[in-house]
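Asks:
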Amino acid sequence: MKNLSIEEEIKIIQKNTVDLLPMEELVAKLKRSREKGIPLRIKYGADPSRPDLHLGHYVCLKKLKDLQDLGHQIVFIVGDFTAMIGDPSGKSKTRPRLSEEEVKEHARTYFEQVYMVLDPEKTEVTYNSKWLGALTSKDVIELAATYTVARMLERDDFKMRFEKEIPIFIHELLYPLFQGYDSYAISSDIEVGGTDQKFNFVIARDIQKYYGQEPQVILTVPLIEGTDGKLKMSKSYDNYIALKDSPEDMYGKVMSIPDDLILKYFKLVLYYDDDELKKVEKLVKENPRDAKARLAFEIVQLFHGYEKAKRAEEHFNRVFRQKEIPDNIPVYKLDSEGELLIDILYKAGVVPSKSEARRLIRQGGVKINSEPVTNETLEIKKLSEPIVVKVGKRRFLKITPE
RNA sequence: GGAGGGGUACCCAAGCGGCCAAAGGGGCCAGGCUGUAAACCUGGUGGCUUUUGCCUUCGGGGGUUCGAAUCCUCCCCCCUCCA
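Take any residue in the first sequence, note its place counting from 1, add 139, and you have its number in this note's numbering.
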């Protein structure tokens, strides 16, 4: 990697980014890094409020991996202090603040997932409570004096909330400043994040300058839409594909994305280059379903390996294309007295309430051995052999005689 | 500190004494058509109950009333303008 030209290195860094600026500063940093043999410090801040990392995070992690492979130093900041504030970025609401215990717990599971992509040996990890917790009121006031309210309110999400008369709390205005202070605290050379972070990154530059430090370069990666194809992938929209999803779930979720997202996923998740993308584009036009199946396979393979991807694919074809029954389904042992079907579904946790079970039956969404159930009050009595109940498209329950 | 507007189900939003488990839209779920795509059509969307029905819900507490999301009162919260 060391014998790349700066142009080549920049090309790698630039791949799949939205912003990479200012370019001159990046060039200067890279040059100096080479001359002095000191890697650049790459900041990645994580708010440990949601331990489930998804493909949206992956796009970012992959970029960090590029930089790590180029020999730069990833500095991973767990925002344990800022998590107690709640990042207002892209939010329409104030985020709940986390307790210290929650943060610690979340941070642990966070790393498990991060190290699916990054090399733990080469990743520096730190917590921002280390320096933010040490600031005195006087320090905080000094920090707050670096920015004006008007500039802070220029931000899209604040502006939107302001216009829609949704509350903005003072602590939320402080958030970008603290995040900027993080950059100063670790001497960040480049900060990496989604495009929704751009504003925070820009503020960080000002703060670094204020404290007499060379400002960081800003690198943003695109946000990807979730399985609904509309909103950005996020746990709160429940449209995410988690890195920890089972191979089967992951495969199925990819298959449910809208067609016009296929190419984007190939590009951002699988990192296809332009030539490869052209071929995929052709396939998408000719046969979108196959293109998506390939996408699903390759994404599962990326996180779970070939064998499991293969199995996930077979599972999908069997259950959803041939409408057969999957092999691993929950089992419910029937009471010897016999029980109402709705009670069984409720007790087995297949439906959240008995009313829900009733509704589903009424609408033909419940099948026993492929036959729709029409009787809401169907009672399951002694069985000579197990029966399989299908609820909706993907919920199954096997009921066995005692 | 003053004046005004507002808080309704997952979200937006109507209702402003009984016909309100609460219009409409979005989302979501199920069915149809499909490729677990999109679009479209149909139905559903608090809980319990076989139907009747019962219970809990309209920021929170008290009250008026045969009866309250709707009226009164106190409290909490949000927004706007003025200071």
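The beta-carbon is built from N, C-alpha and C at its ideal position, and this holds for glycine as well.
Does the beta-carbon of residue 378 have 16 or more other beta-carbons within 10 angstroms, so that it is buried, or is it exposed?
Replies: By the neighbour-count rule (16 or more Cβ atoms within 10 Å), residue 378 is buried.
Asks: Can you give me the Cβ contacts of residue 512 inside the same chain, cut-off strictly under 7 angstroms, excluding the 5 residues immediately before and after it?
Replies: Taken in chain order, the residues that qualify are 480, 500, 505, 506.
Asks: Are the beta-carbon atoms of residue 344 and residue 336 separated by less than 8 angstroms?
Replies: Contact: no.
Asks: To the nearest angstrom, how far is it from the Cα of residue 384 to the Cα of residue 373?
Replies: Spanning the two alpha carbons is a distance of roughly 14 angstroms.
Asks: Measuring CB atoms only, is the segment 197-214 touching the segment 260-269, in the sense that at least three cross pairs come out at less than 8 angstroms?
Replies: The segment 197-214 is in contact with the segment 260-269.
Asks: Would you kindly check if the distance between the Cβ of residue 362 and the Cβ of residue 442 is under 8 angstroms?
Replies: No.
Asks: Buried or exposed: residue 315, going by 16 or more other Cβ atoms within 10 Å of its Cβ?
Replies: Looking at its Cβ environment, which holds 16 or more other Cβ atoms inside 10 Å, residue 315 is buried.
Asks: Just to confirm the assignment, what range does the beta strand (DSSP E) spanning residue 505 have?
Replies: 505-507 is the extent of the beta strand (DSSP E) around residue 505.
Asks: What residue does the alpha helix (DSSP H) around residue 318 start on, and which one ends it?
Replies: 309-324 is the extent of the alpha helix (DSSP H) around residue 318.
Asks: Report the residue from 508, 509, 510, 515 whose alpha carbon sits nearest the alpha carbon of residue 495.
Replies: Considering only alpha carbons, the answer is 515.
Asks: Return yes when the Cβ of residue 422 is within less than 8 angstroms of the Cβ of residue 393, no when it is not.
Replies: Their beta carbons are not under 8 angstroms apart, which means residue 393 does not touch residue 422 by this criterion.
Asks: So what's residue 209 in DSSP terms, helix, strand or just coil?
Replies: The answer is coil: DSSP assigns residue 209 none of H, G, I, E or B.
Asks: What do you reckon, are the CB atoms on residue 201 and residue 256 nearer than 8 angstroms?
Replies: Closer than 8 angstroms, so yes.
Asks: Using only alpha-carbon positions, find the residue among 395, 387, 438 that is nearest to residue 406.
Replies: That would be 438, whose Cα lies nearest to the Cα of residue 406.
Asks: Assuming residue 357 contacts residue 482 (C-beta within less than 8 angstroms), just tell me the rounded distance between them.
Replies: In fact, because the Cβ distance is near 57 angstroms, the residues do not count as touching under 8 angstroms.
Asks: Quickly, what does DSSP pair residue 473 with across the bridge? List them, please.
Replies: In the DSSP output, where bridge partners are listed per residue, residue 473 has 540.
Asks: Quick one: what's got a C-beta closer than 6 angstroms to residue 183's C-beta in the same chain, skipping five residues either side?
Replies: Result list for residue 183: 203, 215, 331, in chain order.
Asks: What distance in whole Å lies between the Cβ atoms of residue 536 and residue 487, which are believed to be in contact at a cut-off of 8 angstroms?
Replies: Confirmed, about 5 angstroms.
Asks: Taking the beta carbon of residue 318 as the centre, do at least 16 other beta carbons fall within 10 Å, making it buried, or is it exposed?
Replies: Buried: at least 16 other Cβ atoms inside 10 Å.
Asks: Which value, in whole angstroms, describes the spacing of the CA atoms of residue 474 and residue 272?
Replies: Each residue's alpha carbon lies about 57 angstroms from the other.
Asks: Just the C-alpha distance for residue 471 and residue 413, rounded to the nearest angstrom, thanks.
Replies: Each residue's alpha carbon lies about 51 angstroms from the other.
Asks: For residue 436, which residues in the same chain have their Cβ closer than 6 angstroms to its Cβ, ignoring the five residues on either side in sequence?
Replies: The answer, listed in chain order, is 448, 452.
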